[in-house]
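Residue numbering for the sequence shown is -24 to -1, 1 to 439, as defined by mature numbering (1 follows the signal peptide of the UniProt record, and there is no 0).
Think of the CB as a built atom: it goes at the ideal place given N, C-alpha and C, for glycine as much as any other residue.
The model shown is predicted, which means the values in this text are computed figures rather than measured ones.
Data first, discussion second: the structure below is written as structure tokens.
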Amino acid sequence: MFRKKSMITVLTVGMVLSSGTVYAQTTSPANGQSDTAFDNKIIKKISADNMYNTIALLSEQPREAGTEGEVRAVNYIEGQFKSLGLETKVIPFPIYDYLTKHVWVKIDGIDLDGTAPRAFSGSVSGKVTAQLVNVGKAKPEEITDAVKGKIALVERGDLTFVEKVQNVLEKGAVGVIMYNNVNGNSFGQVSEGQNIPAVAITRAQGLALVDQLKSGPVESTLDVDIEKIEKTSYVVEAKLKPNKNKDTGQIITIGAHHDSVHGGPGANDDASGVSAVLELARIFSKTPIDTEVRFLTFGSEERGLVGSSFYASKLPKSDVERMVAHFQMDMIGGRDAGEDNPAGGLIMYTIDGKKNLVTDLGSSAGARTMDVAIPYGQLGRSDHQPFHELGIPSALFIHSPVEPWYHQPTDTIDKISKEKLQQAASIVGAAAYQIARPDTPALVNAHVAPGPVDYDFDDRPVD
Ligand SMILES: [Zn+2]
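Below, the structure written as structure tokens:
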């Protein structure tokens, strides 16, 4: 799970009631076998020892995206899928690091006084000298043609950073200096294609310039030198095809992220999720199914869902239309996470805070296998997000609140609970199998098994 750094999105918690009845237990109309018997075809085969060993191996070194540690993990994961006979693909994608060499602002030839200016994230490198023009908050009506070929002095607030930069770019500005709307320095951001040096300064520095401009022209030099370093990260994809004469045409995806944070062994975050993906792949590959099951591990989750977003953006429309559920497992083995809550603190998070097919199946699987209707809540911060944005029912399975070792060098194998691994993999495995098992009709047509359970919205803090 990744930690939001500079930009914090405040999500509104949706207390939306059930999308429909949730089904658990009892008898399948198709052939009279109980759902518990079907669950057992998967969960009796799950080995927490297998999962634990995978985590031990993956957490021997950090797996930060773009490093040798990620490559080693990717090779191991692909090798495991291959040995099961799955159709595998390792999908590379670029990631970028930015090395700031210097950010200088000169006013009439003299370095700006006080706090050092800060480059906007994504700012291009460049050196420009031009007159400074005050454009207020850079709303379109505030910007005159006078800014053409000049450096725009902008106040933070009301518009996004990207909107401000776009508005002055359209009027021909060659640089942006933005001052904060509160005390201290700000951060800022430009988007792809906004090729202009842009820096942030403090409110005091900005107001001094506004004053200075009242008594005549001010010449400014903006000098930004940032090195952009391209690296490669990966998504591992493994397809398990259904029996040919029993193919519903549907696809379910089961994912986790294989990268760790810098310097962190990431035993729970998220070697635990990867271990469950591999274990379920092993079991499903020996079980008859009528649905394609696609096992995925993503790189660069910790950089802000870069791998899963790349993967989702490249999916053919014909695949997206067939995808009926995405199960994401992130941090599912933490001994010290979520302790005081039912089912070891397991919870299912959706992006919009609403129930969906995945949470319905997950909750009823919990009710059948552990006698606990797993609750749901609202959270992004993992790879279920890009799938949700494609309109695919998706949820994140995680223990919440997270453990004190979250994103620390102490996120090591000794903090992993085999019991929690077993529980989480059982619930996801049983839920996914409700769709994939051959006796159930395609989901559009039918509820897979009768017997309702209720499950609740839970807004407990995550960290
Ligand atoms: Zn994380």
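- If you draw a 10 Å sphere on the C-beta of residue 246, you find 16 or more other C-beta atoms in it, and that means buried.
- Here the distance from the Cβ of residue 382 to the nearest heavy atom of ligand 1 is below 8 Å.
- The beta-bridge partner set that DSSP reports for residue 155 consists of 131 and 177.
- For the pair residue 342 and residue 22, the Cα-to-Cα distance works out to about 15 Å.
- Ligand 1 approaches residue 237 closely enough that one of its heavy atoms is under 8 Å from the residue's Cβ.
- If the five residues before and after residue 437 are omitted, its C-beta is found closer than 7 Å to the C-beta atoms of 377, all from its own chain and listed in chain order.
- Per DSSP, residue 229 is not a residue of any alpha helix (DSSP H); the beta strand (DSSP E) it occupies stretches across 227 to 233.
- In the three-state scheme derived from DSSP, where H, G and I count as helix and E and B as strand, residue 360 is classed as helix.
- By the criterion of a C-beta distance shorter than 7 Å, residue 258 is surrounded in its chain by 60, once the five residues flanking it on both sides are discounted.
- Taking 8 Å as the cut-off, one finds at least one heavy atom of ligand 1 near enough to the beta carbon of residue 246.
- The DSSP-derived three-state label of residue 94 is strand.
- Around residue 432, the same chain offers 351 as residues with beta carbons nearer than 7 Å, after the five sequence neighbours per side are excluded.
- A distance criterion of 8 Å places the beta-carbon of residue 344 beyond contact range of ligand 1, judged by its closest non-hydrogen atom.
- When secondary structure is reduced to three states using DSSP, residue 195 falls in the strand class.
- Here residue -22 is exposed: its Cβ has fewer than 16 other Cβ atoms, across all protein chains shown, within 10 Å.
- Excluding its 5 nearest sequence neighbours in each direction, residue 296 has C-beta neighbours in its own chain below 6 Å: 366, listed in chain order.
- With at least 16 other beta carbons inside 10 angstroms of its own, residue 302 counts as buried.
- Along the segment 312 to 358, the beta strand (DSSP E) occurs as fully enclosed runs of 3 or more residues at 322 to 326 and 352 to 354, listed in sequence order.
- Exclusion of the five residues before and after residue 276 leaves 41, 71, 209, 235, 282 and 283 as the residues of its chain whose Cβ lies within less than 7 Å of its Cβ.
- Between residue 251 and residue 30, the CB-CB gap stays under 9 Å.
- Sequence-distant partners of residue 37 (beyond 5 residues in either direction) whose C-beta falls short of 6 Å from its own C-beta, in its chain, are 45.
- Non-local beta-carbon contacts of residue 147 in its own chain, meaning distances under 7 Å to residues more than five positions away in sequence, involve 119, 121, 123 and 124 in chain order.
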